[in-house]
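Chemist: Read in order, the letters of the sequence shown correspond to residues 1285 to 1465 in my numbering.
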Amino acid sequence: MLFGLFRRRSRDAEHKAYCEIVAQARQPVFYTEFLVPDTIDGRFDLIVVHAVLYFRRMRGEGREVSEFAQNVFDLFFSDMDASLREMGVSDTRVPKKVKVMGEAFYGRADAYIPSIDNGNTEELAAALGRNLFTEAPEPVAQLKLARYVIEAAKVLGDQSSADLMKGEISWPDPSVFVSAD
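Shown next as structure tokens:
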């Protein structure tokens, strides 16, 4: 019984961390000012951006942090599975769609992380453009979003893994980057 209590607390924190990632990605400013398409794909891609930032920060922090992050990742894809089912995707197609989403996640992580690590705003803006602005490129918005992402990586880097494992995630205010030149 006692061990179940600690496991429950961990699951609650994992859920809180995932909800914080999604809540940040759903900030209206991303869709109104950064011009990310307010579509299923646009929302998915913004969640991926924030999830990549979170998982990048959690890497290399030891076994406990790694297990926690893996559980948050699993929640992410469980939520994607549930969302597809709610949208009426058939039971036979859901696993295929989730697999495609997983491949998209890893592809985007591979595209974003080197630019984030190097602080290369232009390269990151181009990668964001290929994924978030596929139908109508928005070079100025892409650059502003890239600046936000690099700052978000710094803000996450300044937070302790202990806080991040409680689901206490601080993000920069995206509206600050709207008027940045």
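Even glycine gets a Cβ: it sits at the ideal position worked out from N, Cα and C. Being a predicted model, the structure only gives us computed values, none of them experimental.
Straight-line CA distance for LEU1368 to LEU1427?
Modeler: 31 Å
Chemist: Around the Cβ of GLN1354, are there at least 16 other Cβ atoms within 10 angstroms (buried) or fewer (exposed)?
Modeler: exposed
Chemist: Could you give the DSSP three-state label for ASN1404: helix, strand or coil?
Modeler: If DSSP states are grouped into helix, strand and coil, ASN1404 belongs with coil.
Chemist: Given 8 Å as the limit, is there contact between the region 1360-1374 and the region 1310-1320, that is, 3 or more CB pairs closer than that?
Modeler: no
Chemist: How big is the Cα-Cα spacing for ALA1411 and ASP1363?
Modeler: 25 Å
Chemist: Where does LEU1286 sit, in a helix, a strand or coil, going by DSSP?
Modeler: Residue placement at LEU1286 is poorly supported in this model, since its pLDDT is 48, which falls under 50; the coordinates still yield a value, given next. Looking at LEU1286 - three-state DSSP - the assignment turns out to be helix.
Chemist: With DSSP as the reference, label SER1459 as helix, strand or coil.
Modeler: helix
Chemist: In chain order, what residues of the same chain lie with their CB nearer than 6 Å to the CB of LEU1416, ignoring the 5 residues before and after it?
Modeler: The answer, listed in chain order, is VAL1320, ASP1329.
Chemist: Mind checking TYR1390: buried by the 16 CB within 10 Å criterion, or exposed?
Modeler: exposed
Chemist: Spatial neighbours of GLY1326 within its chain, please: C-beta separation below 6 Å, excluding the five flanking residues on both sides.
Modeler: VAL1320
Chemist: Going by DSSP in three states, GLU1452 sits in which element: helix, strand or coil?
Modeler: In the structure shown, GLU1452 sits in coil (DSSP, three-state: anything other than H, G, I, E or B).
Chemist: Considering only their Cβ atoms, is the gap separating ILE1453 from GLU1348 smaller than 9 Å?
Modeler: no
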